[in-house]
Amino acid sequence: MQLTLIDWLIMAIYFIFVLGIGFALKRYMKTSTDFFLSGRSIPAWIAGLAFLSANLGAQEVIGMAASGAKYGISTSHFYWVGAIPAMVFVGLFMMPFYYGSRARSVPEYLKLRFDEKTRGFNAISFAAMTVFSSGISMYAMGLLLNLLLGWDFNLSIWVSAFIVLAYILLGGLTSAIYNEVLQFFLIVFGLAPLVFLGLRDAGGWSGLQTRLANVATSNGYSPGAWTNSWRLMHDSSANPMGVEWFGMAMGVGFVLSFGYWCTDFLVVQRAMAADSMQAARRTPLIAAVPKMLFPFLVILPGMIAIALTYQAGESGFSLPRKVDGNFNYDMAIPLMLSHYFPNGLLGLGLTALIASFMSGMAGNVTAFNTVWTYDIYQSYIKKDGTDQHYLWMGRMSTVFGIVISVGAAYVATRFNNIMDMLQLVFAFVNAPLFATFLLGMFWKRATGHGAFIGLVGGTLGAAIHHGLSLPRGGLPGVKGGWITTLHTYPSEMAQNFWTAILAWTVCFSLTIVVSLFTRPRNDSELTGLVWSLTERPRDADLNWYQKPSVLAGLVLILVIILNIIFW
Amino acid sequence: MGLDIRLPIGFMFVFVGLLLTGYGIFGPSEIYNRSLGINVNLGWGIVLLVFGLLMMFLGRHSLKQGKD
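In order, the protein sequences belong to chains G and U. Note that the first sequence covers residues 1 to 567 in our numbering. Note that the second sequence covers residues 568 to 635 in our numbering.
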């Protein structure tokens, strides 16, 4: 694929604006609150789009298209069963505590609600996780740009790391958030023509359905397996995901999505930066509206790619195979870009991909520098520094975080397995978290000892379950079964879901049992931190369309309609 | 915080929109074999241009209000 002047120009314009936003914001960065929390001054719609965009890293874009090709429209469950209900929940029920407690980070909320050790456990695992995932994302980007355009791996990594570093150093979280809004629009406008052209090539929606029926029957499923999201969920062997409705609803819906959207500081930080409690509560609700349409932008291209691979369209697009003979699903979006986009639009599409890498990286780095500075440095290393000192530390940790990320990207080039293992460990740590927050926010009897032991127990439970089970066809090792194989799941996804469900259940029960045997805190210490001891946020004076409860109702109705249309 | 983000977004999309529209009109036409014979640069360039102008319009509106 050959880039021409126009493609480079579009890319250059993007870089100039991204850096320009950083420069324009530089003079507003006076205190650590400005740098880490945007001075709590971000309007709801901006926070909402940033909430969405911080999660819209390239792994999301590329990974969702890959799942769309592999599992079909059932991938939309990650949105219509998982993310959307979770975003409604965090906006309505959890934001009053995150925003209302004036905690500066999610781990700090745990400190206020429970105790120091629970915060420490969460802060350290989260900080490590963010820099490593930002590194893995960089690695993926370097590899992709090299494969697609022949760009030098080192150059891609260092240039993108430098740009992200520059705009965060200059404008802190505000710069990251503003750029995330810009990146959001860029990703949408860069990928939308892909769906249009792909769908046209596949003969429209009805043509796509016919082709996907062919994909389904060729793989031994009934014809609707790629185009029905619920109809074949009655039995795990009837759909390509290998999951039945209960594992789906509990695993992806309840445990994984609620765990991510409700407790991950990467996204919650965007809502904490909002300019008022009402704006903070509206943030995830506003984000939910575009989020529910994202399957059409990121999953549909994958479905189109696999459909055209089994039954070629007029332009002859098809997915390549990997060395092991399986399709290289991850290349669905990048290859469609280079196949369908002429010069000009190609520059826009590539810029959109790069923008999604950058927004993911910046999201991780801004979450990391805050947790590092407030929850680790200020808590354990230097307690009595001046605000200017912490602002300085924030900038230092931005540099430091990016350098570790780059290091992690290079480690990934040499030892891919280490990265897989790290991601696995993080998954174990994350799986039980939602149980801790649920009990912390809605059961005042839950204690710090209970929360801590529950978290550790849940993490261990996840690890042991993984060590005892394997997906069908997997070899013992990173895929599981490293203790011994007691159970075989029909797919890796089924194994992940059940690992998460088990971790959640262990954490939930252990926290309750230990809490009942340990001394609870006084009610007076928990005001503003627990549902029963907190005044309900008032919204009687808001217009109907500004009320979180009304917005939440609308969002839920829309998402139910989507589920029914693609049943 | 001082800067209305709609302005830079508006400017950027106007620039990119103009570039694509111009390239669609004056650039080579054989490149559209890839995009199923459709001049996507022209069509999509206009979409981006309109979006950019809309953002600038909304941003300008708030700029005036802020100065009052």
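Beta carbons are placed, not taken as given, at the ideal position from N, Cα and C, and that holds for glycine.
| field | Three-way DSSP call (helix, strand, coil) for G220/G in this model | value | Position 220 of the first sequence holds residue 220/G. DSSP places G220/G in coil when its eight states are reduced to three.
| request: State yes or no: is the beta carbon of R281/G nearer than 8 Å to at least one beta carbon in chain U? | output: Walking along the first sequence from the start, residue 281/G turns up at place 281. It does not; no Cβ of chain U falls within 8 Å.
| Does the Cβ-Cβ distance between T283/G and F51/G come in under 8 Å? | One-based indexing of the first sequence puts residue 283/G at position 283. One-based indexing of the first sequence puts residue 51/G at position 51. For T283/G and F51/G, yes; Cβs fall inside 8 Å.
| message | Under 8 Å, Cβ to Cβ, is there at least one residue of chain U near V181/G? | response | By one-based count along the first sequence, residue 181/G stands at place 181. Yes, contact with chain U.
| message | Let's test the definition: count the other Cβ atoms within 10 Å of the Cβ of K634/U and tell me whether it reaches 16, buried, or not, exposed. | response | Here residue 634/U is taken as the residue at index 67 of the second sequence, counted from 1. Confidence at K634/U is low in this model, with a pLDDT of 43, below 50, so the placement of that residue should be treated as unreliable; the coordinate-derived value is given next. K634/U comes out exposed.
| query | Does DSSP put H487/G in a helix, a strand or coil? | reply | Here the question's residue 487/G lines up with position 487 in the first sequence. Three-state result, H487/G: strand.
| task | Please work out which residues of its chain come closer than 6 Å, Cβ to Cβ, to V514/G, disregarding the five sequence neighbours upstream and downstream, and give them in chain order. | result | For this step, residue 514/G is matched to residue 514 along the first sequence. Cβ neighbours of V514/G beyond the five flanking positions: H449, G450 and I453.
| message | When you compare the CB positions of A54/G and S359/G, do they come within less than 8 Å of one another, or not? | response | For the purposes of this step, residue 54/G is taken as the residue at position 54 of the first sequence. For the purposes of this step, residue 359/G is taken as the residue at position 359 of the first sequence. It is a contact, given that the beta carbons lie within the stated cut-off.
| query | Quick one: which chain U residues come within Cβ less than 7 Å of S315/G? | reply | In the first sequence, residue 315/G corresponds to position 315, counting from 1. Here the neighbours are L603.
| task | For A274/G, write down the residues that DSSP places opposite it in a beta bridge. | result | Indexing the first sequence from 1 puts residue 274/G at position 274. Its beta-bridge partners are I42/G.
| field | Counted within 10 angstroms of its Cβ, other Cβ atoms place Q388/G as buried (16 or more) or exposed | value | Position 388 of the first sequence, counted from the first residue, corresponds to residue 388/G. Exposed, by the Cβ-count rule.
| So who's on the other strand from P471/G, going by DSSP bridges? | Position 471 of the first sequence, counted from the start, is the residue given in the question as residue 471/G. P471/G has Y489/G as its beta-bridge partners, per DSSP.
| Any C-beta of chain U sitting closer than 8 Å to the C-beta of G344/G? | Stepping through the first sequence from its first residue, residue 344/G is reached at position 344. G344/G counts as touching chain U.
| said: Check whether the region 522-539 of chain G and the region 90-101 of chain G are in contact - that is, three or more C-beta pairs closer than 8 Å. | reply: Remark: three or more beta-carbon pairs, one from each stretch, lie closer than 8 Å, so the region 522-539 of chain G and the region 90-101 of chain G are flagged as touching.
| Inter-residue Cα distance where the pair is G363/G and Q269/G | Here residue 363/G refers to the residue found at position 363 of the first sequence. Here residue 269/G refers to the residue found at position 269 of the first sequence. Using only the alpha carbons, I get a separation of about 9 Å.
| task | Compute the distance between the beta-carbons of L155/G and T351/G, then report whether it is under 8 Å. | result | Taking the first residue of the first sequence as position 1, residue 155/G is located at position 155. Taking the first residue of the first sequence as position 1, residue 351/G is located at position 351. No, they are not a contact pair.
| field | Pairwise C-alpha distance: I464/G and W611/U | value | Counted from its first residue, the second sequence places residue 611/U at position 44. Counted from its first residue, the first sequence places residue 464/G at position 464. Taking the straight line joining both Cα atoms gives about 52 Å.
| message | Here's the rule I'm using: 16 or more other beta-carbon atoms within 10 Å means buried, otherwise exposed. How should L264/G be labelled? | response | Here residue 264/G refers to the residue found at position 264 when the first sequence is read from its first residue. The amino acid occupying residue 264/G in the given sequence is Asp; Leu does not appear at that position. It is buried - the Cβ of D264/G has at least 16 other Cβ atoms within 10 Å.
| said: DSSP three-state label for A321/G, please. | reply: Reading the first sequence from its first residue, position 321 is the one you call residue 321/G. The question names Ala, but residue 321/G is Arg in the sequence shown. In this structure, R321/G counts as strand in the three-state DSSP scheme.
| query | Helix, strand or coil: how does DSSP classify G450/G here? | reply | Your numbering for residue 450/G matches position 450 in the first sequence. G450/G falls in the helix class under three-state DSSP.
| query | Going straight from the alpha carbon of R627/U to that of L574/U, what length do you get? | reply | Residue 627/U sits at position 60 when you count from the first residue of the second sequence. Residue 574/U sits at position 7 when you count from the first residue of the second sequence. So the two alpha carbons sit approximately 7 Å from each other.
| query | Using CA coordinates, which residue listed in W80/G, I13/G and L475/G is at the minimum distance from F258/G? | reply | Counting from one through the first sequence, the residue named residue 258/G turns up at place 258. Answer by Cα proximity: W80/G.
| query | Pick from T518/G, A274/G and Y377/G: whose alpha carbon is nearest that of M396/G? | reply | Here residue 396/G refers to the residue found at position 396 when the first sequence is read from its first residue. For the options T518/G, A274/G and Y377/G, the alpha carbon positioned closest to that of M396/G is the one of Y377/G.
| field | Amino acids of chain B, ordered along the chain, whose beta-carbon sits closer than 8 Å to that of R231/G | value | Looking for chain B here will not work: the only protein chains present are G and U.
| request: Return yes when the Cβ of P301/G is within less than 8 Å of the Cβ of G385/G, no when it is not. | output: As a working note, residue 385/G is residue 385 in the first sequence. As a working note, residue 301/G is residue 301 in the first sequence. Not closer than 8 Å, so no.
| field | Three-state class that DSSP yields for F341/G in the structure shown | value | For the purposes of this step, residue 341/G is identified with residue 341 of the first sequence, where counting begins at 1. In the structure shown, F341/G sits in coil (DSSP, three-state: anything other than H, G, I, E or B).
| field | Outcome for Y380/G when other beta-carbon atoms lying within 10 angstroms are tallied against a minimum of 16 | value | Position 380 of the first sequence, counted from the start, is the residue given in the question as residue 380/G. Y380/G should be labelled exposed.
| Cut-off 6 Å between Cβ atoms - residues of its own chain near H466/G, not counting five sequence neighbours on either side | In the first sequence, counting from the first residue as 1, residue 466/G sits at position 466. Closer than 6 Å at Cβ, skipping near neighbours: G480 and T499.
| request: Please check if any C-beta of chain U sits within less than 8 Å of the C-beta of R200/G. | output: In the first sequence, counting from the first residue as 1, residue 200/G sits at position 200. So yes, R200/G belongs to the interface.
| task | Check each candidate in W230/G, M277/G, P548/G and Y329/G and name the one with the smallest Cα separation from I565/G. | result | One-based indexing of the first sequence puts residue 565/G at position 565. It is W230/G whose Cα lies nearest to the Cα of I565/G.
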